[in-house]
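In terms of this note's numbering, the sequence shown opens at residue 127 and continues consecutively. Glycine included, each C-beta is placed from N, C-alpha and C at the ideal position.
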Amino acid sequence: MVIKKKIKVKGREYWILIHSVRKGRKIIQKKKYIGKLLPPKQRLEFLQYLRMRFSIL
Numbered sequence: 127m128v129i130k131k132k133i134k135v136k137g138r139e140y141w142i143l144i145h146s147v148r149k150g151r152k153i154i155q156k157k158k159y160i161g162k163l164l165p166p167k168q169r170l171e172f173l174q175y176l177r178m179r180f181s182i183l
C-alpha cells in the first residue's frame with residue numbers, strides 16, 4: 127500500500143510517498159521524496175502506480 131505523508135524537517139514541510147513491503151516476518155517501509163508541494167492528482171497517481179508496480183523508487 128502506498129500512502130502520502132507530510133513531514134517537517136528543520137521547520138520546512140515536505141511530502142513523501144511511503145510504501146510498506148513485507149520481507150519475511152518484517153515490514154519494511156520504502157520512502158520517496160516527492161517535493162515541497164503535493165503534485166497534481168494525475169502525477170501523484172502515476173508515482174503511486176510506479177511504486178506499487180516496480181517497487182524500485
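Enclosing beta strand (DSSP E) for residue i [first to last residue]
| i | result |
| --- | --- |
| R151 | Unbroken run through R151: none, as it is neither H nor E. |
| K131 | 128-135 |
For residue i, the three-state DSSP class (helix, strand or coil)
| i | result |
| --- | --- |
| L143 | strand |
| Q91 | Past the boundaries of the shown model lies residue 91; the chain is included only from 127 to 183, so the question cannot be answered. |
| R138 | strand |
Distance, residue j Cα to residue i Cα
| i | j | result |
| --- | --- | --- |
| Y159 | L143 | 6 Å |
| V135 | L163 | 14 Å |
| G150 | K156 | 15 Å |
Run of the alpha helix (DSSP H) containing residue i, from where it starts to where it stops
| i | result |
| --- | --- |
| K162 | It is not in any alpha helix (DSSP H) - K162 carries neither H nor E in the DSSP assignment. |
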